[in-house]
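Protein chains in written order, with the working numbering: chain A, 1 to 335; chain B, 1001 to 1335.
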């Protein structure tokens, strides 16, 4: 998964740092937060003085994670001697946290996104890791960092949320074995799953209801829209699709699912999901976004109707090409 | 979990049988089907001639399971020398399959429901097993039955579906370790999860949309109704709530979730879910149904409005009593 050299190089950068700044992406998810906090605890244990930053406030359902309250949105100006960027496919994903960075400090880039641009002084990047915390698990083993209950809890949170509870196609026996080890170190799987995956405001369920009521389906694509007015009526605007795309891809009729979420600024957030055999990172990347083969996203200009029409036309084309390329035109079938 | 004696007694019954009849409950789920098929393969490997029966047709999304096509709805009259009842809290749950049973044949009752009535000649029953296949895993180890790919696939299907993908509170490191062993024996976790949990007709999503549009919430209870007319308009009548209750209990506001599904015969199927700290098997049992603390169900007479009113009144009372009993009136909080 990771080369011995990148582990050694990461280890060297970390050993030379005294005051590292740790940053994760805007709109942080469970893997980003779990990575940030577990790395923070490991660095503290090694006698460093880490600063943990995220431009956006962390979702409160992750407040059970040890160290949650230590994360700042606007880090003090430093000076820092190392920037550790976690779970970001490119550096711009950390948002305004970059204001705190001095010139010429080295960057340790730890990530598992297939679209990672290798922006680090050292890149600890592996696309076959199921989560960034999966990479950190291996880094901590390399560093002989003991996995206490706090670190184990944060690491397992990334494993669980990025695999949607061990549901993604990349979950191997090794991943489950790591989960066993982390549970035995004290990580509470049920609490992590409930808070990380199975807990949402009633308003999110109402938003899903509105989205499902507008469901459309054609050519293996299942999609829906969430107009801003609908979000505002429900009182759930500005929180994205609340996971609705994951629900849509569960339809037996879907090869690809898409949710178009109208933003307050008029842009349209587009969330793509695919079943194994299809790749939606291609179209997301082409439209200026990123992600994985089975889950990707981008942001396009509105209005909603136009964005929907254009993205679906591109998607249909791209899917037709994918079906042609795979096995001489035979459609890949959902498992 | 299971007493050595019940394992020995089960083993004795099995060794004496030549032509066992295996039966599971009506409206079979992944654990029932996984139990039936894994037990079938194990008995075949031991040179027996098992007959596998289920009154209702098996859902097609389980067609990937080896042996799926061998299950009959109306077993031939026999004679059989052992009835093995899997995943049933009482004998009536096997429905009309009981017509094929001769008098005086012994019954092996293998189940993990807290409401099991111990109806067997031998009862291999353990409430702390996460699934009936979890019990079978231990029985097979006791019998020195090798776990080939077919048996492993069927066993993992029960583990995955009854824990909703390792999400329930009873998932211990031991359960995940068994999952690792079954994956290493060839069980395809992703296929099992997708087919067992994450695959549903578009019509089921539309049904959820209709249910979510009618969502109500008060006193820690989140509930909705699925009138028959709504089910018929969508074209999804007769399939229950399609898992909607599991979705409702994800609401942060919910201690208990209830879905009232109107049946073609006018009865109302009531599905209960609870967060850890509450017990809905009590009310389900009181209303003639059964289940576990966190997931239970029953069937009550219609009409829908009246059933809803009466069940909610009883539930409110019961929840108030549970809150009183737990910790001197302090409400148990969702994790």
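For every residue, glycine included, the Cβ atom is placed at its ideal position computed from N, Cα and C.
Checklist entry - Where does residue 1089 of chain B fall in DSSP's three states? => result coil
Next on the checklist: For chain B, check one thing: does any of its Cβ atoms lie closer than 9 angstroms to the Cβ of residue 277 of chain A?
Outcome noted: no
Checklist entry - In three-state DSSP terms, what is residue 1269 of chain B? => result strand
Checklist entry - Using DSSP with H/G/I as helix, E/B as strand and the rest coil, what is residue 126 of chain A? => result Under the three-state reduction of DSSP output, residue 126 of chain A falls in the coil class, being neither helix nor strand.
Checklist entry - In the structure shown, what three-state DSSP assignment does residue 322 of chain A receive? => result helix
Checklist entry - Among the residues of its own chain, which have a CB less than 7 angstroms from the CB of residue 1219 of chain B, if the five just before and after it don't count? => result 1316
Item to check | Contiguous alpha helix (DSSP H) assignments of at least 4 residues, all confined to the stretch 1158-1216 of chain B | outcome: 1173-1184, 1189-1196, 1202-1213
Next on the checklist: What does the alpha-carbon distance come out to for the pair residue 207 of chain A and residue 1019 of chain B?
Outcome noted: 54 angstroms
Item to check | Endpoints, the alpha helix (DSSP H) within which residue 1022 of chain B is located | outcome: From DSSP, residue 1022 of chain B is part of no alpha helix (DSSP H) but of the beta strand (DSSP E) over 1020-1023.
Checklist entry - Taking the C-alpha atoms as reference points, what is the distance between residue 195 of chain A and residue 128 of chain A? => result 25 angstroms
Item to check | C-alpha gap between residue 1265 of chain B and residue 36 of chain A, whole angstroms | outcome: 55 angstroms
Item to check | Cross-chain neighbours of residue 165 of chain A in chain B, by beta carbon under 7 angstroms | outcome: Result: 1165, 1166, 1167.
Checklist entry - Quick one: is residue 201 of chain A near chain B, going by C-beta distance under 9 angstroms? => result Under the 9 angstroms criterion on CB atoms, residue 201 of chain A is classed as interfacial with respect to chain B.
Checklist entry - Per DSSP, which one or two residues make a beta bridge with residue 223 of chain A? => result For residue 223 of chain A, the beta-bridge partners assigned by DSSP are A:216, A:258.
Checklist entry - So which residues on chain A does residue 1131 of chain B lean against when the C-beta distance must stay under 9 angstroms? => result Simply none; closest approach about 16 angstroms.
Next on the checklist: With DSSP as the reference, identify every bridge partner of residue 1111 of chain B, one or two as the case may be.
Outcome noted: B:1125
Item to check | With 16 other Cβ atoms within 10 Å as the buried cut-off, status of residue 1209 of chain B | outcome: buried
Checklist entry - According to DSSP, which residues form a beta bridge with residue 1298 of chain B? => result B:1270
Checklist entry - Can you name the residues of chain B whose CB is closer than 9 angstroms to the CB of residue 32 of chain A? => result None at all; the shortest Cβ gap to chain B is about 21 angstroms.
Next on the checklist: So, for residue 1330 of chain B: in the same chain, excluding its five sequence neighbours on each side, which residues have a beta-carbon less than 7 angstroms away from its beta-carbon?
Outcome noted: Bear in mind that the predicted position of residue 1330 of chain B carries a pLDDT of just 47, short of 50, making it too unreliable to give a figure here.
Checklist entry - Is the beta carbon of residue 1142 of chain B sitting closer than 9 angstroms to the one on residue 1130 of chain B? => result The answer is no: Cβ separation not under 9 angstroms.
Checklist entry - Does the Cβ-Cβ distance between residue 179 of chain A and residue 223 of chain A come in under 9 angstroms? => result no
Checklist entry - Which residue's Cα is closest to the Cα of residue 271 of chain A: A:253, A:252, A:307? => result A:307
Item to check | For residue 97 of chain A, the three-state DSSP class (helix, strand or coil) | outcome: Correct three-state label for residue 97 of chain A: helix.
Item to check | residue 1155 of chain B at chain A interface by Cβ criterion, 9 angstroms | outcome: no
Checklist entry - Are any of the Cβ atoms in chain B nearer than 9 angstroms to that of residue 97 of chain A? => result It does not; no Cβ of chain B falls within 9 angstroms.
Next on the checklist: Any beta carbon from chain A within less than 9 angstroms of residue 1198 of chain B's own beta carbon?
Outcome noted: Look at residue 1198 of chain B: its C-beta is under 9 angstroms from a C-beta on chain A.
Next on the checklist: Using DSSP's beta-bridge definition, name the partner residues of residue 290 of chain A.
Outcome noted: A:297
Checklist entry - Does the distance from the C-beta atom of residue 54 of chain A to that of residue 72 of chain A stay below 9 angstroms? => result yes
Item to check | Per-residue contacts from residue 179 of chain A into chain B (C-beta, under 8 angstroms) | outcome: 1176
Next on the checklist: Considering just the uninterrupted stretch of the beta strand (DSSP E) at residue 251 of chain A, what are its terminal residues?
Outcome noted: It is not in any beta strand (DSSP E) - residue 251 of chain A carries neither H nor E in the DSSP assignment.
Checklist entry - Quick one, which of B:1009, B:1106, B:1125, B:1157 has its alpha-carbon nearest residue 1061 of chain B's? => result Of the candidates B:1009, B:1106, B:1125, B:1157, B:1157 places its Cα closest to the Cα of residue 1061 of chain B.
Item to check | Supposed close pair residue 175 of chain A, residue 211 of chain A - CB separation, criterion 8 angstroms | outcome: No, residue 175 of chain A and residue 211 of chain A are not in contact; Cβ-Cβ is about 31 angstroms, not under 8 angstroms.
Checklist entry - With contact counted as at least three CB pairs below 8 angstroms, one residue from each stretch, are the stretch 181-196 of chain A and the stretch 137-156 of chain A in contact? => result Yes, the stretch 181-196 of chain A is in contact with the stretch 137-156 of chain A.
Checklist entry - According to DSSP, what are the bridge partners of residue 33 of chain A? => result Looking at the DSSP assignment, residue 33 of chain A forms no beta bridge with any residue, so it has no partner.
Checklist entry - Can you check whether the CB of residue 1233 of chain B is closer than 9 angstroms to the CB of residue 169 of chain A? => result no
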